[in-house]
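Working notes, beginning with the structure itself.
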Amino acid sequence: MIKNIVHFNVQQIADSGQCFRMNNIGNNSYSLVAFNKYLEIEQLDKNQVVFRCEDEDFETLWADYFDLNYDYGNVVHSIHNSEDDFLKKAVEYGEGIRILKQDLWETIVSFIISQRKSIPAIKSTIEKLCMKFGEKKSFEGKVYYTFPSPEVIAEQSMEGLQGLALGYRDKYILNTAKTIANGEVNLELIKQMSREDAILELKKLSGVGEKVANCVALYGMHKIDAFPVDVWIKRVVDTYYGGFFDTNTYKGFNGIVQQYMFYYMKNKYKS
DNA sequence: TCCCAGGCTTGGT
DNA sequence: ACCAAGCATGGG
Numbered sequence: 001m002i003k004n005i006v007h008f009n010v011q012q013i014a015d016s017g018q019c020f021r022m023n024n025i026g027n028n029s030y031s032l033v034a035f036n037k038y039l040e041i042e043q044l045d046k047n048q049v050v051f052r053c054e055d056e057d058f059e060t061l062w063a064d065y066f067d068l069n070y071d072y073g074n075v076v077h078s079i080h081n082s083e084d085d086f087l088k089k090a091v092e093y094g095e096g097i098r099i100l101k102q103d104l105w106e107t108i109v110s111f112i113i114s115q116r117k118s119i120p121a122i123k124s125t126i127e128k129l130c131m132k133f134g135e136k137k138s139f140e141g142k143v144y145y146t147f148p149s150p151e152v153i154a155e156q157s158m159e160g161l162q163g164l165a166l167g168y169r170d171k172y173i174l175n176t177a178k179t180i181a182n183g184e185v186n187l188e189l190i191k192q193m194s195r196e197d198a199i200l201e202l203k204k205l206s207g208v209g210e211k212v213a214n215c216v217a218l219y220g221m222h223k224i225d226a227f228p229v230d231v232w233i234k235r236v237v238d239t240y241y242g243g244f245f246d247t248n249t250y251k252g253f254n255g256i257v258q259q260y261m262f263y264y265m266k267n268k269y270k271s
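Counting from 1, one number per residue, gives the positions in the first sequence under the UniProt record's numbering.
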């Protein structure tokens with residue numbers, strides 16, 4: 001179905017480093033697997049987007065997944081009206097970015113894997129993980145693999161996790177899966193927590209530190225004030241903000257600000 | 001080949 | 001509490 005959406009650009013979302021199972025399939029189209037479903041999405045023009053999926057899945061899943069009920073215009077305008085020249089340019093460059101509402105468990109595993117890996121390498125490892133432990137499904141002839149549950153990974157041994165290019169992160173993934181599968185850390189409870197409490201709880205997981213916990217809060221819990229600082233954001237802060245970025249300036253939507261910064265710095269300045 | 005990648009854990013002060 | 005080394009492996 002065709003939808004008219006402002007501040008929405010599929011290519012920018014796919015290349016913004018927040019999701020790892022969204023792939024270009026040509027003709028301004030992308031495939032995506034999330035919440036055990038398969039979607040093809042095409043950008044027809046600036047404000048027209050085609051969603052190829054079951055009709056009911058758009059309303060019950062994808063509209064929420066792509067955060068279509070959040071007013072990004074408000075964020076864009078408040079940055080336009082600021083004195084922040086760097087951020088103005090970043091918004092102009094990536095004004096179609098949205099913060100996705102991804103599955104919490106998948107986001108945890110994905111960002112544990114992400115540490116000291118390039119985005120293509122992250123995507124490759126996650127796809128291997130899904131092909132090995134996920135459920136094989138198909139939608140209109142397209143075969144895809146779901147993201148494996150904590151329980152399925154928890155019952156593996158260290159040997160079972162070899163061949164996925166996890167490297168030293170293999171033990172983090174196995175320990176985290178076990179911790180969640182046995183109820184030591186409860187994701188349903190975390191979903192109800194404040195950003196601060198959720199981040200504290202997430203950091204109990206093996207392989208989850210400050211940065212990964214903030215990414216999980218932002219992309220897996222829609223805590224849009226979370227401000228993950230990775231090497232690219234560090235570069236932004238050092239280069240354009242004199243080494244300190246005051247998160248009080250954009251209080252309430254620092255995560256969206258962070259995403260504009262990341263996308264602009266990483267893709268515009270490939271230094 | 002060399003360097004870097006959406007960092008974390010551990011052990012030493 | 002802070003700091004630095006070590007970490008496995010793919011991709012450019």
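Virtual Cβ for every residue (Gly too), placed ideally from N, Cα, C.
Keep in mind that this is a model prediction, so the values were computed, not measured.
- Query: Identify the residues that DSSP records as bridge partners of K142: which are they?
  - Reply: As a working note, residue 142 is residue 142 in the first sequence. According to DSSP, K142 bridges with F139.
If you draw a straight line from the alpha carbon of residue 273 to that of G160, how long is it in whole angstroms? Not covered by the structure: residue 273. The range shown for the chain is 1 to 271.
Practice task
Assign F111 to one of two classes, buried (16 or more other C-beta atoms within 10 Å of its C-beta) or exposed (fewer than that).
Solution key: The residue given as residue 111 occupies position 111 in the first sequence. F111 comes out buried.
Would you kindly report the start and end of the unbroken alpha helix (DSSP H) that includes A177?
Here residue 177 refers to the residue found at position 177 when the first sequence is read from its first residue. Run containing A177: 170-181, per the alpha helix (DSSP H) assignment.
Q: Go through its chain and collect everything with a Cβ distance to R98's Cβ below 7 Å, but skip five positions before and after it.
A: Here the question's residue 98 lines up with position 98 in the first sequence. Here the set comprises F8, I13, F66, D67, Y72.
Roughly how many whole angstroms lie between the Cα atoms of M22 and D170?
The residue you call residue 22 lines up with position 22 of the first sequence. The residue you call residue 170 lines up with position 170 of the first sequence. The C-alpha of M22 lies about 23 Å from the C-alpha of D170.
Item to complete: For N175, I'd like the list of residues in its chain whose CB is within less than 7 Å of its CB, leaving aside the five on either flank, ordered along the chain.
Response: Counting from one through the first sequence, the residue named residue 175 turns up at place 175. Correct list, in chain order: S206.
Per DSSP, the bridge partner or partners of Y93 = Looking up residue 93 in the first sequence gives position 93. In the DSSP output, where bridge partners are listed per residue, Y93 has none listed.
Point to revise | Three-state secondary structure assigned by DSSP to S124 | key: Here residue 124 is taken as the residue at index 124 of the first sequence, counted from 1. In this structure, S124 counts as helix in the three-state DSSP scheme.
Are the Cβ atoms of A226 and I190 separated by less than 9 Å?
-> If you number the first sequence from 1, residue 226 lands on position 226. If you number the first sequence from 1, residue 190 lands on position 190. No; because the gap between Cβ atoms is not below 9 Å, this pair is not in contact.
In angstroms, rounded to a whole number, what distance separates the CA positions of V109 and S149?
-> As a first step, residue 109 is located in the first sequence; it is residue number 109 there, counting from the start. As a first step, residue 149 is located in the first sequence; it is residue number 149 there, counting from the start. Taking the straight line joining both Cα atoms gives about 10 Å.
Original post:
So what does DSSP say about F86, is it helix, strand or coil?
Top reply: Translated into positions along the first sequence, residue 86 becomes position 86. For F86, the secondary structure class from DSSP, reduced to helix, strand or coil, is helix.
Determine the DSSP secondary structure at C19, reduced to helix, strand or coil. On the first sequence, residue 19 is found 19 positions in, with the first residue counted as 1. For C19, the three-state secondary structure derived from DSSP is coil.
Can Q259 and S16 be called in contact, C-beta distance under 9 Å?
As a position in the first sequence, residue 259 is number 259, starting the count at 1. As a position in the first sequence, residue 16 is number 16, starting the count at 1. Yes.
query: At what residues does the alpha helix (DSSP H) containing L44 begin and finish?
result: Reading the first sequence from its first residue, position 44 is the one you call residue 44. That residue, L44, is in no alpha helix (DSSP H); its beta strand (DSSP E) goes 37-45.
With DSSP as the reference, label R116 as helix, strand or coil.
Along the first sequence, one-based indexing puts residue 116 at 116. Reduced to three states, the DSSP call for R116 is coil.
Near N47, which residues of its chain fall below 7 Å by C-beta distance, leaving aside the five closest residues on each side in sequence?
The residue you call residue 47 lines up with position 47 of the first sequence. Non-local C-beta neighbours of N47 in its own chain, meaning closer than 7 Å and more than five positions away in sequence, comprise N4, I5, V6, ordered along the chain.
ask   = How about N27 and V10: do their beta carbons lie closer than 9 Å?
value = Taking the first sequence and counting its residues from 1, the one referred to as residue 27 is at position 27. Taking the first sequence and counting its residues from 1, the one referred to as residue 10 is at position 10. No. Outside cutoff.
Using only alpha-carbon positions, find the residue among L32, F244, W105 that is nearest to I153. In the first sequence, the residue the question calls residue 153 occupies position 153. Answer by Cα proximity: W105.
TODO: Hey, could you find the ends of the alpha helix (DSSP H) L187 is sitting in?
DONE: One-based indexing of the first sequence puts residue 187 at position 187. Note, L187: alpha helix (DSSP H), 187-190.
Discussion item. Considering only DSSP beta bridges, list what G252 is partnered with.
Written reply: Here residue 252 corresponds to residue number 252 of the first sequence, with the count starting at 1. Answer is none; G252 lacks a bridge partner.
key: DSSP beta-bridge partners of K3   = Taking the first residue of the first sequence as position 1, residue 3 is located at position 3. Beta-bridge pairing links K3 to V49.
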